[in-house]
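Listed in order, the protein sequences are those of chains G and Y. Just so we're on the same page, my numbering is the position in the first sequence counted from 1, plus 108. Just so we're on the same page, my numbering is the position in the second sequence counted from 1, plus 108. Each residue gets a CB set at the ideal place from its N, CA and C atoms; glycine is no exception. Scroll down for the structure; my scribbles are underneath it.
Number of protein chains: 2
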Amino acid sequence: MTVSSRALAERGGATPAQVRKDLSFFGSFGKRGIGYPTIELARRIRGILGLGRPYRVILVGAGRIGAALANYPGFEARGFDIAAIYDADPSKIGTVLDAQTVRPAERIESDLAAEPADIAVIGTPAAAAQAMADRLVASGVRALLNFAPVALVVPAGVTVANVNMALELEALTFALASGRRA
Amino acid sequence: MTVSSRALAERGGATPAQVRKDLSFFGSFGKRGIGYPTIELARRIRGILGLGRPYRVILVGAGRIGAALANYPGFEARGFDIAAIYDADPSKIGTVLDAQTVRPAERIESDLAAEPADIAVIGTPAAAAQAMADRLVASGVRALLNFAPVALVVPAGVTVANVNMALELEALTFALASGRRA
DNA sequence: GAGTGTGAAATTGTTCACAGCG
DNA sequence: CGCTGTGAACAATTTCACACTC
């Protein structure tokens, strides 16, 4: 079973040449005249993305965002294992979210010392996000997924991905206001 | 009160030249030797983004994502007014989320006919997202914020912004796996 | 014949550097 | 004198087009 660059491009909204160039960057595993063998392609992409192993993910902030993430389907399916959930609010501690008991934020350092995590998801209020990022980085976390609407400052070697819903909405208002086609 | 392109660049993680080029695209409203007058700058940017008026936003899907969004602070603050929340699940209908009673999804068409909305947020399961997008577009919605992990197909003139948490996480695993600095 | 892999051309985006204004 | 606005130089990305292989 194979897929052509054309078919992939159509699905992903790109051009066939784009797909080929991008894939060729990581090696050449397509068959000329045929396309890319799907199984092999998927395996290679998983390898490129580093999805060959499970990742320990911790969640900081058990508010609405935390709740939404804890129950996100196809999360565990992709090898992401939510190992712990933390919150600073005493009223949240001890409550259960997706089979995880919410732990006090003070325990983050000691827990991470015992069992390091690869990725931390920050779903705290904006005011607490930078301080939390600092603590997490100091405890060895090297990748942050930040939902707080602030630009986190982290040392080199730490990667931050931001999700900012207000920004996304403003991209939409811009499109509406400028009458851009999409 | 003014800000220089250098100061803006530092905050936003760009170069001064970049900031000046980008702003000059929309006109020249800086003062040479001084910088950009902050009040005027903010006013112009709001104008560019189309934030001069409030936007009616409807929310489809009253699950975790819907709940997180309904309570998102600094949402109303930015002129986004959540006008209605819908769900297909009978057990959710009638429940209250952020002072809004969840309405049955069948009412979308008639409600939109009476009061059009600018933007719809799709927080349904992936399987229902495309059908819902079709209905919304047919009812006149011109901008969609999609949280379902599917690539929506919409006619030209409709803008879609996607938020895909799994994708963001995979960007992080890629950075971790390839040892990229950030 | 169909479709990849890839240099070379075209395009797009970024940085430089400086004239000109406040 | 500081800082914007902007062409011109430079860098990165995308597209083209075609040799090559299955």
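Flagged as an interface residue toward chain Y: ILE173/G, by a C-beta distance shorter than 8 Å. In this model, SER132/G and GLY138/G are separated by some 9 Å (Cα to Cα). Straight-line spacing of the CA atoms in MET240/G and GLU278/G works out to 27 Å.
Secondary structure of LYS200/G (DSSP, three-state): coil. Taking C-alpha positions only, ASP189/Y is separated from ASN272/G by approximately 17 Å.
Flagged as an interface residue toward chain Y: THR267/G, by a C-beta distance shorter than 8 Å. As for any alpha helix (DSSP H) of minimum length 4 sitting wholly inside the region 241-286 of chain Y, the runs are 273-286, ordered along the chain. The shortest C-alpha to C-alpha distance from ASP219/Y to any of GLY120/Y, GLY160/Y and ALA246/Y is the one to ALA246/Y. In chain order, VAL229 and ALA269 place their CB closer than 6 Å to the CB of LEU253/Y, counting only its own chain and leaving out the 5 sequence neighbours on each side.
For ALA234/G, the closest alpha carbon among the candidates TYR163/G, ASP226/G, GLY171/G and GLY121/G is that of GLY171/G. With a cutoff of 8 Å on beta-carbon distance, PRO224/G and GLY187/G are scored as not near each other.
Interface with chain Y (8 Å Cβ-Cβ cutoff): GLY248/G is excluded. Straight-line spacing of the CA atoms in ASP206/Y and ILE147/Y works out to 32 Å. Contact between ALA192/G and ILE166/G holds, with the beta-carbon distance rounding to 5 Å and staying under 8 Å. In terms of CA proximity to ALA196/Y, THR232/Y leads the group PRO145/Y, THR232/Y, THR123/Y and TYR163/Y. Rounded to the nearest whole angstrom, the CA to CA distance from VAL127/G to ALA117/G is 6 Å.
Around the beta carbon of ASP226/Y, a 10 Å sphere encloses 16 or more other beta carbons of the protein chains shown; the residue is thus reported as buried. The beta-carbon distance between ALA256/G and ALA237/G, rounded to whole angstroms, is 4 Å. This is short enough to meet the 8 Å contact definition. In this structure, the CA atom of ALA259/Y is about 44 Å from the CA atom of MET109/Y. Exposed is the label assigned to LEU275/G, since fewer than 16 other Cβ atoms lie within 10 Å of its Cβ. Taking the Cβ atoms as the reference, GLY155/Y lies roughly 21 Å from SER112/Y, outside the contact range of under 8 Å.
CA-CA distance, ALA264/G to SER286/Y, rounds to 14 Å.
Pairing VAL261/G with ALA251/G, the inter-Cα distance amounts to about 12 Å.
Per DSSP, ASP206/G lies in no beta strand (DSSP E) segment and is marked neither H nor E. Under DSSP, GLY143/G shares a beta bridge with LYS139/G. In this structure, DSSP gives ALA117/Y a helical state, which the three-state scheme calls helix. Taking C-alpha positions only, ALA115/Y is separated from PRO124/Y by approximately 8 Å.
With respect to TYR194/G, ARG215/G sits close: the two C-beta atoms are nearer than 8 Å.
Against chain Y, a Cβ distance below 9 Å from THR209/G picks out nothing, because the smallest value is about 18 Å. In the three-state scheme derived from DSSP, where H, G and I count as helix and E and B as strand, ASP130/G is classed as helix.
In this structure, THR267/G sits near ALA283/Y, with a CB-CB distance shorter than 8 Å.
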